[in-house]
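Engineer:
Residue numbers (this note's numbering), protein chains in the order written: chain A, 1 to 613; chain B, 614 to 1050; chain C, 1051 to 1306.
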């Protein structure tokens, strides 16, 4: 390898004006031509565009390049593209290296063209120094266990399991509770058509139960997972019994739980102050008390009150319940047919003191403010108020429901974080004092029931699962996908996927979509039948290895074991190439593919030379 | 011809269609990806950055576009439309019309020589929101995939009058083919994924915002191109009237949406966030710029969105005013006058520039396409889901699946997820076909 | 000194800090041009000897940046990073190079702004310190060579990788060592290794007497004698010749 003549080609991207506007790209290109082993250097308006890629391919052939350096944006997004291009031209992709002169150069030195240009030259010298030491690598092909485990039997998990099963692969669906259904089991109805949540769940559960490819494991948890994409050894604790299993992929759908608003808005001070989910349960169990006035308070504990995020679904759940109360109060209480008369009292709001009443200027305005037209003309009826900051009725169905709720005289009162409604409990009676922005005055209402819309939060065991599977949690405590825009159901770790509310608030259709999406991603390795990990793994020189075992101790992926000769040996497909073992080995017997000491030092030392050109 | 049991038709080459194609192709399925425009990429390719990470849109999309075009299992058919679908789930026969590009895709290197020489100039560049011009032969955009020129037959002198032929003369690759004809193709496929995306609503249809009347009122899509370094102004924010940099900017939300009178009573789900992003970016382009967002409800309701809005208020000094707003005239200097209400009182304020969050509506072509595919649309012309809760991916016709904005308002990650989900459903159809055929 | 433009090498882990640095770019947070970043998969990859090697080559500053503790893409790689940078820091102190030239920072993928601030403040600090004294001072080169050697020794490497185990789970006798105790233990061990390395380095250049070595290193003669005895026992140092009554020793293995 070392005898081979090195022929390095360098491609420098203008990225339109993103790079060329702040770096003298022609000067950098000329400089690069003076570097050792560089036989070709050029610049492209967009190296990533079709013509840029073509120029790489053609130059590899024309100039017999055996190393390629691209200086452009960032390897995090574009390395695979250029590696693929090299491969198409017959060059091993490990003979490619990337130099970041945009995100970490032109964009951060926008006012210092000269110095930025010097830095770009240095960065290219470093890249070329690294390129000279690159070696071709073969990626190892590893077979895949053709089965999946889905952790969590809520709607997302069930949807994922169904789709993987229907794509022809066996699935273990592991649910820690004694029945399937997850969070939706708490709900009375599903908001779109206000169909019965129980009936909906039954439909999905029946599909799962009747699918021959799905094995449902209730009262079960995955307690250990070892291995790597395509080859996981998992242990499932099922009703106290440990069961060893092998799967190729893991889908995480562990769901969510409701935030308990301790110390907020009088929660705990009265049985008539409940959370949204508690309210759903009251409805579901037909235990709703007799009501003449109900207040919903949105964003309790969310959007900066405690959690920083918006929980996405609560506005629409409150709207649904408000609509239900407005249209269907009798049925909700289960009083129909019992002969009981629903006692409806007049709204109890303190009458306004002739403040300025404002109507929608163009007839479509009220939503953001308030539907003021109280229901007096239609006789006494249930008063429903939703205190909100913004109503998150995104999309078609939610917005139409929002409009309909306003027609049904659901009052929407907006508050700001500086002026939150004050709840007090006065000898068992509930009081809400609030600021009326349009009237510019303080007002009071005395509802029978206060429903606090709290956010959904991460599960208690999220941290534990994150440690077990080595997948990250975001700052909000939800699982963090590989990329918020383009990889919404993948983890950075291959072979593990995520869907539903364990990665953030989502409603039922969204959870179902994500579940099916995760199934699509997860079944790719299953359908291919093999995986080919990147050749970044550690490699032990068994002649030098003293068998001290330090590397085995530090490896986070249990990818190193002692072989029959007492020497360390790496399981290539399990190794993720972090380099901990390489930095640890006292004999320098561990070599990191593509990130050797020699390569790192050559690259870093090149930074310390002066650019002459 | 590919066998139906191993093929799927994907209609629309935006991010949802690309994701569906890649997922299927990675499983060994042959994908026929049909795109009506000259390049894949869809609307995402036109955006400057994406919220809430301010990732450069084309930067993250371009690798996917290239992967898609270069994938051995994906056939990308640009300039093409589906004109018929016969058969049933597992066994469809799709008819596709590929319109003449007049440039040979296999020969054109995208060098751009012809673009410089074409004498027919000054044609509106629709991709750049008509903010700049193109010639009769042009490239869809800088990072178009495939990077192949295209001749506009309505303006090409040679095609119209038989005179000129300059592009043919300058093309050293001999890629120009004036005799190219539309071609009808037929594909056997087991399933169909519909991912036709959206159109931007035209605010000239409403007089309330003065769009088209006052030059310094822009749509958000125009603005996305303006702040883009590769756009018509090279990323310099300039007023249409005098080319000056604005100091004050207003963003008006819900333009054409949440409004029954426009036929779009729904919320487009993304405008709150793209205006937040755009105002943040304005500050990065012009120090000291003062932006105000007029909104009805700030729907910052997905991962990291609320934090993003709070950051915009705190670190970028963007003011959020909870009010409807309209544009009621302009000053002598051409500053649009925005009318709004605070605490029940009406206000008027002039801004140097106004950006309208014009709503996103189902593609115009949906009605015709739905007829050809034999699927139902909802009352707003979104493709109808079989059951929004239980089967949000299925259309009304078995074997035809939905992905992205064509099924209802959603943002990029939701479209990507739905693209994957539609691929899963299509895969299920293929598997079923193999089992029961 | 105002026109001094330092050269600083920064090692960034691929998953957090490199992404954070990219985010700084995407968000256009400006910072000085003096840094040259090297991407590694995990900050844990950076052994102390790599850092010291760069100082030996004349780097004005070196920074290692990884994910926040708890965020490591490789579970706990950065815990080891912390220890490795501490090792480099301890050795740097022994050589006499200002330890402020070495910095460890945690920068997440979401902290573009923090990255720019960290870089700005580090560049400022290094500018205050002035150009690296190493290249102008052959003694420092020798000492850094010894430090590189010491960092590679079995004891140094083993101790840096055992921290997690020894301070959390305890040794074979189930004695859990406190973090401060552990630091002290390492510092002592490192000093031993460093002095021995320095003896080897100096005596590989020419045969040296104990008194010469003591003078050169700045340690008491009896202590140097102890090391010489220990090194001779391991056959790393051999008697070269006796000049008068003074024995002179030469390293049997090459110094750095």
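Positions of the beta carbon are idealized from the N, C-alpha and C atoms, including for glycine.
(1) Touching or not, the stretch 861 to 872 of chain B and the stretch 962 to 972 of chain B, by the rule of three or more beta carbon pairs under 8 Å?
(2) Assuming residue 1087(C) and residue 104(A) are in contact, meaning their beta carbons sit under 8 Å apart, how far apart are those beta carbons, in whole angstroms?
(3) What is the DSSP secondary structure of residue 1014(B), reduced to helix, strand or coil?
(4) Going by C-alpha distance, which of 819(B), 992(B), 931(B) is nearest residue 906(B)?
(5) If you measure between the beta carbons of residue 824(B) and residue 940(B), is that distance less than 9 Å?
(6) Starting from the Cα of residue 710(B), find the closest Cα among 720(B), 636(B), 698(B), 995(B) and give me that residue.
(7) Is the stretch 318 to 325 of chain A touching the stretch 400 to 412 of chain A in the sense that three or more CB pairs, one from each, lie closer than 8 Å?
(8) Tell me, to the nearest whole angstrom, how far the beta carbon of residue 1124(C) is from that of residue 576(A); I am working on the premise that it is less than 8 Å.
(9) Would you please state the rounded distance, in angstroms, between the beta carbons of residue 686(B) and residue 643(B)? I believe it to be under 8 Å.
(10) Using a Cβ-Cβ cutoff of 9 Å, what residues of the stretch 1198 to 1222 of chain C are near chain A? List them in chain order.
(11) Between residue 8(A) and residue 123(A), what straight-line distance do the alpha-carbon atoms span, to the nearest angstrom?
(12) Let me check understanding here. Comparing Cα to Cα, which of 1298(C), 1178(C), 1090(C), 1241(C) lies closest to residue 1146(C)?
(13) What residues in the stretch 1057 to 1083 of chain C have a beta carbon less than 7 Å from any beta carbon of chain B?
(14) Which residues in chain A have a C-beta closer than 8 Å to the C-beta of residue 1107(C)? List them in chain order.
(15) What does DSSP give as the partner residue(s) for residue 388(A) in the beta ladder?
(16) Can you tell me whether residue 563(A) is buried or exposed, with buried defined as 16 or more other CB within 10 angstroms of its CB?
(17) Which residue wins for smallest C-alpha separation from residue 384(A), given the options 153(A), 484(A), 12(A), 291(A)?
(18) Which one of 328(A), 602(A), 332(A), 297(A) has the shortest CA to CA distance from residue 316(A)?
(19) Is residue 847(B) close to chain A? Criterion is C-beta to C-beta, closer than 9 Å.
(20) Taking only three categories from DSSP, how would you classify residue 1095(B)?
(21) Assign residue 1095(C) to one of three DSSP states: helix, strand, or coil.
(22) Of all the alpha helix (DSSP H) runs that stay within the bounds of the stretch 1107 to 1168 of chain C, which reach a length of 4 or more residues?
(23) Could you spell out where the alpha helix (DSSP H) holding residue 683(B) opens and where it closes?
(24) Among the candidates 978(B), 785(B), 759(B), whose CA atom is the shortest distance from the CA of residue 53(A)?
(25) Which residues in chain A sit within 8 Å of residue 1126(C), going by Cβ to Cβ distance?
(26) Checking contacts by CB at 9 Å: is residue 303(A) closer than that to chain B?
(27) If residue 918(B) and residue 310(A) are in contact, beta carbons under 8 Å, what's the gap, nearest whole angstrom?
(28) Where in the stretch 544 to 590 of chain A do unbroken runs of the beta strand (DSSP E), each at least 3 residues long, occur, reported from the N-terminal end onward?
(29) Quick test of the definition: if touching needs 3 or more C-beta pairs under 8 Å, does the stretch 626 to 633 of chain B touch the stretch 674 to 690 of chain B?
(30) Residues of the stretch 255 to 282 of chain A in Cβ contact with chain B at a cutoff of 8 Å, in chain order, please.
(31) Mapping the DSSP letters down to three states, classify residue 1075(C) as helix, strand or coil.
(32) Between 1300(C), 1099(C), 1089(C), which lies nearest to residue 1204(C) when the distance is taken from Cα to Cα?
(33) Residues of chain B with CB closer than 7 Å to the CB of residue 18(A), please, in chain order.
(34) Three Cβ pairs or more, each shorter than 8 Å: is that satisfied between the stretch 665 to 672 of chain B and the stretch 1003 to 1018 of chain B?
(35) Over what stretch of residues does the alpha helix (DSSP H) that includes residue 771(B) continue unbroken?
(36) Is the Cβ of residue 53(A) closer than 9 Å to any Cβ of chain B?
Structural biologist: With the given structure in hand:
(1) As far as the Cβ criterion goes, the stretch 861 to 872 of chain B touches the stretch 962 to 972 of chain B, which means the pair count is three or higher.
(2) The C-beta distance from residue 1087(C) to residue 104(A) rounds to 6 Å, short enough to meet the 8 Å contact threshold.
(3) Correct three-state label for residue 1014(B): strand.
(4) Of the candidates 819(B), 992(B), 931(B), the residue whose Cα lies closest to the Cα of residue 906(B) is 931(B).
(5) Yes; because the gap between Cβ atoms is below 9 Å, this pair is in contact.
(6) Nearest option by C-alpha distance: 698(B).
(7) Contact holds: three or more Cβ-Cβ distances are below 8 Å.
(8) At roughly 6 Å, the Cβ-Cβ gap stays under 8 Å, so residue 1124(C) and residue 576(A) are in contact.
(9) Between residue 643(B) and residue 686(B) the Cβ distance is about 5 Å, and since that is below 8 Å, they are a contact.
(10) The stretch 1198 to 1222 of chain C vs chain A, Cβ under 9 Å: 1202, 1203, 1204, 1205, 1206, 1207, 1208, 1210, 1211, 1212, 1214, 1215.
(11) So the alpha carbons of these two residues sit roughly 15 Å apart.
(12) For residue 1146(C), the nearest C-alpha among the options comes from 1241(C).
(13) If the cut-off is 7 Å between Cβ atoms, the stretch 1057 to 1083 of chain C has 1076, 1077, 1078 near chain B.
(14) 605, 608, listed in chain order.
(15) Here residue 388(A) is bridged, per DSSP, to 414(A).
(16) Label assigned to residue 563(A): exposed.
(17) Measuring from the Cα of residue 384(A), the nearest candidate turns out to be 291(A).
(18) Cα-wise, what sits closest to residue 316(A) is 297(A).
(19) Among the residues facing chain A, residue 847(B) is included, as its CB has a counterpart in that chain under 9 Å away.
(20) Beyond the ends of chain B as shown, which are 614 and 1050, falls residue 1095(B); an answer cannot be given.
(21) Three-state result, residue 1095(C): helix.
(22) DSSP runs (the alpha helix (DSSP H)) wholly in the stretch 1107 to 1168 of chain C: 1127 to 1145.
(23) Where residue 683(B) is concerned, the enclosing alpha helix (DSSP H) starts and stops at 670 to 683.
(24) Nearest of 978(B), 785(B), 759(B) to residue 53(A), Cα basis: 759(B).
(25) Within 8 Å Cβ-Cβ: 556.
(26) Answer yes: the Cβ-Cβ gap between residue 303(A) and chain B drops below 9 Å somewhere.
(27) The beta-carbon distance between residue 918(B) and residue 310(A), rounded to whole angstroms, is 7 Å. This is short enough to meet the 8 Å contact definition.
(28) If we require 3 residues or more, the beta strand (DSSP E) runs fully inside the stretch 544 to 590 of chain A come out as 560 to 562, 568 to 570.
(29) At 8 Å Cβ cutoff, the stretches touch.
(30) Answer in chain order: no residues at all.
(31) Helix, per DSSP.
(32) Ranking the options by Cα distance to residue 1204(C), first place goes to 1099(C).
(33) Within 7 Å Cβ-Cβ: 842.
(34) Counting Cβ pairs under 8 Å, fewer than three are found: no touch.
(35) Looking at the DSSP string, the run of the alpha helix (DSSP H) that includes residue 771(B) is 770 to 774.
(36) Output row for residue 53(A): interface = yes.
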